[in-house]
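Below is one structure, written out as structure tokens; comments come after it.
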Amino acid sequence: MTSLNFIQTCENIHSYTEPKYAELFRLIGRQPDGVHSLVHLRADILKFLPEIESPAYVERMSESLRDLLATWFTTGLLQVERVTWQSPCEIVQRVSEYEAVHRIRNWADLKRRLGPYRRCFAYTHHMMPNDPLVILHVGLVDNISNSIQTILNRVKSVSDVT
Numbered sequence: 117m118t119s120l121n122f123i124q125t126c127e128n129i130h131s132y133t134e135p136k137y138a139e140l141f142r143l144i145g146r147q148p149d150g151v152h153s154l155v156h157l158r159a160d161i162l163k164f165l166p167e168i169e170s171p172a173y174v175e176r177m178s179e180s181l182r183d184l185l186a187t188w189f190t191t192g193l194l195q196v197e198r199v200t201w202q203s204p205c206e207i208v209q210r211v212s213e214y215e216a217v218h219r220i221r222n223w224a225d226l227k228r229r230l231g232p233y234r235r236c237f238a239y240t241h242h243m244m245p246n247d248p249l250v251i252l253h254v255g256l257v258d259n260i261s262n263s264i265q266t267i268l269n270r271v272k273s274v275s276d277v278t
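Residue numbers (our numbering): 117 to 278.
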């Protein structure tokens, strides 16, 4: 068997053993807003998985989708940008909406978190530029704090919230 025949055989085996939905996921991902749709599809699958009586097939589909998204969202394919109060409104709003651990109470709280002595960074994918995958908040402080609340509540000046 030549190396060309071997490669063709491997490709044939792959095409016969790969589930049809894997190719469908790749095709959807190439469409406008397709990656965004696939991210939400995976979230829906994970949400409803406990309710499915025979979940093995759906679990395999979810794993296939997870693996595909992981290849698209590798570190080298993500862009990182600093988010400030002057950033596009859509991004600033997402920062507020996506904060799940230390809720942002109001616009003044959000402005303080994007203000002096703080940094906010959004990791985005070129297929989802206005929908950050990761949001990272950094507080620039003189020493290590025992509590995040001391950092969140810290106001350097009145201009931070006005």
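C-beta: ideal position from N, C-alpha, C; glycine also.
Three-state class that DSSP yields for residue i in the structure shown
{"i": "Q195", "result": "strand"}
{"i": "G255", "result": "strand"}
{"i": "F237", "result": "strand"}
{"i": "M177", "result": "helix"}
{"i": "D276", "result": "Note that D276 has pLDDT 45, beneath the 50 cutoff, so the model's placement of it is unreliable and the number below is only indicative. Here D276 sits in helix by DSSP."}
{"i": "V211", "result": "helix"}
{"i": "V250", "result": "strand"}
Span separating the alpha-carbon of residue i from that of residue j
{"i": "E215", "j": "E127", "result": "44 Å"}
{"i": "P248", "j": "E134", "result": "31 Å"}
{"i": "V254", "j": "L193", "result": "22 Å"}
{"i": "A238", "j": "S212", "result": "12 Å"}
{"i": "F164", "j": "I129", "result": "32 Å"}
{"i": "Q124", "j": "I260", "result": "58 Å"}
{"i": "Q265", "j": "R235", "result": "16 Å"}
{"i": "H152", "j": "T240", "result": "11 Å"}
{"i": "D160", "j": "T118", "result": "46 Å"}
{"i": "E167", "j": "L120", "result": "47 Å"}
{"i": "V208", "j": "N222", "result": "12 Å"}
{"i": "F141", "j": "Y132", "result": "17 Å"}
{"i": "I144", "j": "T191", "result": "22 Å"}
Reference residue i; option with closest CA among the options
{"i": "S180", "options": "I168, R158 and E169", "result": "R158"}
{"i": "D258", "options": "M244, Y233 and A238", "result": "Y233"}
{"i": "Q147", "options": "M244, I220 and G192", "result": "M244"}
{"i": "S333", "options": "H218, S178, L140 and P204", "result": "In the structure as shown, the chain starts at 117 and stops at 278, and residue 333 therefore has no counterpart that could be examined."}
{"i": "C281", "options": "K136, S170 and N246", "result": "Lying outside 117 to 278, the shown extent of the chain, residue 281 is not represented and no answer is given."}
{"i": "N269", "options": "A224, L252, R210 and I251", "result": "A224"}
{"i": "V250", "options": "G145, R221, R210 and I144", "result": "R210"}
{"i": "S178", "options": "L154, T190 and F122", "result": "L154"}
**Q.** the stretch 166 to 182 touching the stretch 191 to 203, judged by at least three CB pairs closer than 8 Å
**A.** no
Q. Does the pairing of the stretch 181 to 190 with the stretch 223 to 232 give three or more beta-carbon distances under 8 Å?
A. no
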